[in-house]
Amino acid sequence: MQEKYTTIFDTSANPAPLGLMGFGMTTVLLNLHNIGLFELSSMILAMGICYGGLAQVIVGIMEWKKGNTFGTLAFTSYGLFWLSLVVILTLPKLGLGNAPSPLEMAFYLGLWGLFTLGMFFGTFKTNKALQFVFGTLTILFLLLATGDITGNLTVTRVAGLVGIICGSSAIYTGFAEVLNETYQKTVLPIFPVTKKP
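Here my numbering is used: the first residue of the sequence shown is 1383, the next is one more, and so on.
Now the structure itself:
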């Protein structure tokens, strides 16, 4: 007796725009602080927990369900980055640990920069918009690490500008994916990588 198999098509929504928005908006807000526009307040910490953190972890799980290894690793990792950053900033205020030294923060941010550089190479098969997000994010982490290890406020301010650009590019890419899918045409270009024959 021959068995019959049914093909199940994935009709679930694309989770990437949610992850890009969560990452982008939280990154912009933190880096408005880094350029000195306002203090590090509960507003940034709340965004780090909710939109930058939890939302991206959920998106990473959704990307796993879709079989997207890159999306799973990227969104889950950066969601956990935001959650870990909030914990780093909060634990000392609760008396549950010492605040990290500038050297420790430099290593923390430097490792995230190294991780992001590896992910940047993974974007070469996607599109130019995503390449820009990961390229500027790599520079951002390295500048933030340099600012911490040198204590040079100017470097941190420059990092803040790069972070605003990086976050804005993630917001753009998220909107592009939503609008292009909604209108079934290119509303905002993301410049896909063309496959060679």
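Note that beta-carbon positions come from the ideal geometry of N, C-alpha and C, so glycine has one too.
{"Query": "Nearest candidate by alpha-carbon position, reference Leu1436, set Ser1459, Ser1424, Met1425", "Result": "Ser1459"}
{"Query": "7 Å Cβ shell around Val1544 - same chain, five flanking residues per side excluded", "Result": "Thr1518, Ile1521, Leu1522, Leu1525"}
{"Query": "Alpha helix (DSSP H) segment containing Gln1438, residue limits", "Result": "1437-1447"}
{"Query": "Close beta carbons around Val1575, own chain, < 8 Å, minus the five adjacent residues each side", "Result": "Phe1506, Lys1507, Thr1508, Asn1509, Lys1510"}
{"Query": "Residue closest to Pro1397, alpha-carbon to alpha-carbon, out of Glu1563, Phe1516, Val1569, Leu1411", "Result": "Glu1563"}
{"Query": "Cβ pair Leu1427, Phe1420 closer than 8 Å", "Result": "no"}
{"Query": "8 Å Cβ shell around Asn1416 - same chain, five flanking residues per side excluded", "Result": "Leu1526, Thr1538, Arg1539, Ala1541, Gly1542, Gly1545"}
{"Query": "Whole-angstrom C-beta distance between Met1407 and Ile1547, which should lie under 8 Å", "Result": "With 8 Å as the limit, Ile1547 and Met1407 do not qualify as a contact, their Cβ atoms being about 14 Å apart."}
{"Query": "The stretch 1458-1473 touching the stretch 1441-1449, judged by at least three CB pairs closer than 8 Å", "Result": "yes"}
{"Query": "For Gly1401 and Thr1454, the rounded distance between their alpha carbons", "Result": "10 Å"}
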